[in-house]
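Going down the list, the protein sequences come from chains A and B.
Start counting the first sequence at 1; every next residue gets the next number (my numbering).
Start counting the second sequence at 1001; every next residue gets the next number (my numbering).
Just so it is clear, CB atoms sit at the ideal spot from N, CA and C, and this is done for glycine as well.
Because the structure is a prediction, the values reported are computed rather than measured.
A short worksheet on the structure shown next.
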Amino acid sequence: MSVGDVSDETLMLRYQRGDRSAFGQLVRRHQVAVYNFLLRQLGSVLAADELAQEVFLGVVREGGRFNYETPFSTRLFSIACRLVQRERSRSPQPGETAALPDAAPRGDTLENSIERAVDALPAAEKDVFLLREVADLPFAEIARVTQRTETAVKIQMQHALQRLRLTLQQFDEYRRALR
Amino acid sequence: MNSDKFDRIVLDLLYGELDELTTAAARRHMDQSARARDIFAHFKATRQLSVLPTHAPPPDFEVALMERERRALAELPLHLRAGRLVSMLAGYAMRPQLIMGALLLLMIGSSLVFLRARPGQHSAVQVTERGAPEAEADAVLPVVERNDAPGEPSSGLSWAASSDPDPAAATGSVTLAATAGGAGPGLPVPAAEGLDPFDQALALYRDGHYLDAQRGFERISRAGGRRAGEAALYAAQSLRSASGCAPAVGRFERVRLDFPGSSWAYEAAWRGAKCLQQLGDVEGARQSYESLLQVSSHATRARGALANLGTAAAPLPRATREPTAARK
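In structure tokens, the structure reads:
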């Protein structure tokens, strides 16, 4: 069995037994997703870097209480969401109430428009969208992370996609994708 | 599948979280419903184009994190560190190799503890126990000593008991030798050449060949002579050792009557009394002990025996007193 075949939970178990290299493996496996999730949530490279480290250190501190019935990634992004909530409470995000732009600025690229549209999503929809698209968590796990029902999570995801669609449908790429 | 159900599962279909049957049903529904097709197409196009660019963490992210992790571990509260230590130890304990090793050691240890020779693997050992049990046997030692000192009633042989309550009774010219049982029932020892018949019979007696010894002593006793009394007593003692008290009582009584006033007679009276006591004939034993109160060599022992008789429990049935002649 190669290192890549070892599950997150097995690596966490090894880490609890003193194998620090297992923790390094977990970091390498999840650092990009955690960092990008936080970067999209906070919009700051420095804050994302700092909080991503805090997320993994949270795993270290909670290591003895790690629940193996919960997937490691769920636990990881639960910590990340908690830290994001903390940051939001310190400085309310404009995306909380901001309406989606109903049109992309002229000359703007699709990529920039999508980033702005995601940034402008309401917090709850943004959480769900990023957990689904960046963290690649299934809806059931997103429900556990956000402590909502799975149905509520899907409704918020539908709303998020519909908002993004409003931005995307002004681009030719979208019309081509529909064909 | 209807439109409501399709609306509920469309995201699962989009992200591939449906099982095969539901996926097939949803696709069949889309084949029949333009609305469903349109909804799914828009979601699919939105998802395809909503891919956010991925940014790599800072290059020193992992190094810095591992350093902070090391510091965080050092700063963990004591109870968390204890929990971590327990987890580490439990991890070692759960390793299959350690479990197998522990089981192997347990098996080896238990094998050593319970390692015993099975009876079938060794040649049979035959054990024959003759005469009365040790506890019942009188430990009086018939010891021969060539001592013709004056004052002794006959050839200078005297009797003593190793269990004599009065050690003084066993002093004097008495020499202690191996007990009758002490020699034990060993292998037959051929009578030494050159010994006189009495010594030959005595050797057989000491080697535990009581029946042979008895026959030898009886021949000497019947032939008469200066050792006739001694031989008669030995013959009775041999019978007692071989077959127990029941047949020996009469023989002791015969010695007492045939050699009156001799040390053999007193000793025979003493031994006969002991046998009677063992057989439960307390009154007979008492009479015999009382007859020895006037004999200096046996008076002390007789008084002790009489005292014991007074405190002895009720006599047991005779059947339980019969010694087993031979046991394997």
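Residue j beta carbon less than 8 Å from that of residue i
{"i": "B/Phe1040", "j": "B/Leu1018", "result": "no"}
{"i": "B/Phe1217", "j": "B/Ala1231", "result": "yes"}
{"i": "A/Ile79", "j": "A/Val59", "result": "yes"}
{"i": "B/Phe1252", "j": "B/Ala1236", "result": "yes"}
{"i": "A/Asp8", "j": "A/Leu26", "result": "yes"}
{"i": "A/Thr167", "j": "A/Ser113", "result": "yes"}
{"i": "A/Asp49", "j": "B/Phe1061", "result": "yes"}
{"i": "A/Gln158", "j": "B/Leu1049", "result": "no"}
{"i": "A/Leu51", "j": "A/Leu57", "result": "no"}
{"i": "B/Ala1299", "j": "B/Cys1275", "result": "no"}
{"i": "A/Leu180", "j": "B/Ala1045", "result": "Here chain A has residues from 1 to 179 only, and residue 180 of chain A is not among them."}
{"i": "B/Leu1239", "j": "B/Trp1264", "result": "no"}
{"i": "B/Ala1223", "j": "B/Ala1213", "result": "no"}
{"i": "A/Leu180", "j": "A/Arg20", "result": "Nothing can be reported for residue 180 of chain A, as the shown portion of chain A is limited to 1 through 179."}
{"i": "B/Phe1259", "j": "B/Gly1229", "result": "yes"}
{"i": "B/Met1001", "j": "B/Ala1026", "result": "yes"}
{"i": "B/Glu1069", "j": "A/Phe23", "result": "yes"}
{"i": "A/Leu164", "j": "A/Ala117", "result": "yes"}
{"i": "A/Glu133", "j": "B/Leu1052", "result": "yes"}
{"i": "A/Ala123", "j": "A/Arg88", "result": "yes"}
{"i": "B/Leu1279", "j": "B/Cys1245", "result": "yes"}
Burial state of residue i (16 or more Cβ within 10 Å)
{"i": "B/Leu1103", "result": "exposed"}
{"i": "B/Phe1114", "result": "exposed"}
{"i": "B/Ile1099", "result": "exposed"}
{"i": "B/Arg1146", "result": "Caution is warranted here: a pLDDT of 44 is assigned to B/Arg1146, below 50, making its placement in the model unreliable, and the coordinate value is therefore given only provisionally. The residue in question, B/Arg1146, is exposed, as its Cβ has fewer than 16 Cβ neighbours within 10 Å."}
{"i": "A/Glu111", "result": "exposed"}
{"i": "A/Pro138", "result": "buried"}
{"i": "B/Gln1277", "result": "buried"}
{"i": "B/Ile1220", "result": "buried"}
{"i": "B/Pro1077", "result": "exposed"}
{"i": "B/Asp1207", "result": "buried"}
{"i": "A/Asp102", "result": "Reliability fails at A/Asp102, whose pLDDT of 44 lies under 50, so the model's placement of it is uncertain and the value that follows must be treated cautiously. Result: exposed."}
{"i": "A/Asn36", "result": "buried"}
{"i": "A/Thr74", "result": "buried"}
{"i": "B/Met1030", "result": "buried"}
{"i": "B/Val1086", "result": "exposed"}
{"i": "B/Asp1281", "result": "buried"}
{"i": "A/Gln16", "result": "buried"}
{"i": "B/Arg1071", "result": "exposed"}
{"i": "B/Leu1292", "result": "buried"}
{"i": "B/Tyr1092", "result": "exposed"}
{"i": "B/Pro1059", "result": "exposed"}
{"i": "A/Glu141", "result": "buried"}
{"i": "B/Ser1096", "result": "Here residue 1096 of chain B turns out to be Pro, not Ser, going by the sequence shown. B/Pro1096 should be labelled exposed."}
{"i": "A/Leu11", "result": "buried"}
{"i": "A/Arg90", "result": "exposed"}
{"i": "B/Ser1262", "result": "buried"}
{"i": "A/Glu69", "result": "exposed"}
{"i": "B/Arg991", "result": "Shown here, chain B extends from 1001 to 1328; a query on residue 991 of chain B therefore has no answer."}
{"i": "B/Arg1047", "result": "buried"}
{"i": "A/Arg175", "result": "exposed"}
Nearest-angstrom beta carbon gap, residue j and residue i [assumed within contact, 8 Å]
{"i": "A/Ala160", "j": "A/Glu150", "result": "Actually they do not touch by this definition, with Cβ atoms about 15 Å apart."}
{"i": "A/Leu76", "j": "A/Val34", "result": "6 Å"}
{"i": "A/Cys81", "j": "A/Asp119", "result": "The Cβ separation is near 17 Å, so there is no contact."}
{"i": "B/Thr1022", "j": "A/Val32", "result": "Rounded, the Cβ-Cβ distance is 32 Å, inconsistent with contact."}
{"i": "A/Gln156", "j": "B/Ala1064", "result": "Actually they do not touch by this definition, with Cβ atoms about 34 Å apart."}
{"i": "B/Leu1266", "j": "B/Ser1288", "result": "What sits at residue 1266 of chain B in the sequence shown is Tyr, not Leu. That pair is no contact at about 10 Å."}
{"i": "B/Leu1309", "j": "B/Arg1286", "result": "6 Å"}
Heavy atom of the ligand ATP within 7 Å of residue i beta-carbon
{"i": "B/Gln1278", "result": "Among the components of this structure there are no ligands whatsoever, and the ligand ATP is therefore not found."}
C-beta neighbour in chain C for residue i, strict 8 Å
{"i": "B/Leu1018", "result": "Among the protein chains in the structure shown, which are A and B, there is no chain C."}
Exercise. Write down every uninterrupted run of the alpha helix (DSSP H) in the region 1217-1282 of chain B whose length is 4 residues or greater and which is fully enclosed by it, in chain order.
Key: For the region 1217-1282 of chain B, whole alpha helix (DSSP H) runs of length 4 or above, ordered along the chain, are 1228-1243, 1245-1258 and 1263-1279.
Quiz item: Taking one C-beta from the region 1294-1305 of chain B and one from the region 1252-1271 of chain B each time, how about it: are there three or more such pairs within less than 8 Å?
Solution: Yes, they touch.
Practice problem: Mind listing, in chain order, the continuous alpha helix (DSSP H) runs of no fewer than 4 residues lying wholly within the region 115-153 of chain A? | Solution: Whole alpha helix (DSSP H) segments, 4+ residues: 123-133 and 139-146.
Exercise. Just list the alpha helix (DSSP H) runs in the region 1005-1049 of chain B, keeping only unbroken ones of 4 residues or longer that don't cross its boundaries, in chain order.
Key: The region 1005-1049 of chain B contains these whole alpha helix (DSSP H) runs: 1020-1032 and 1034-1049.
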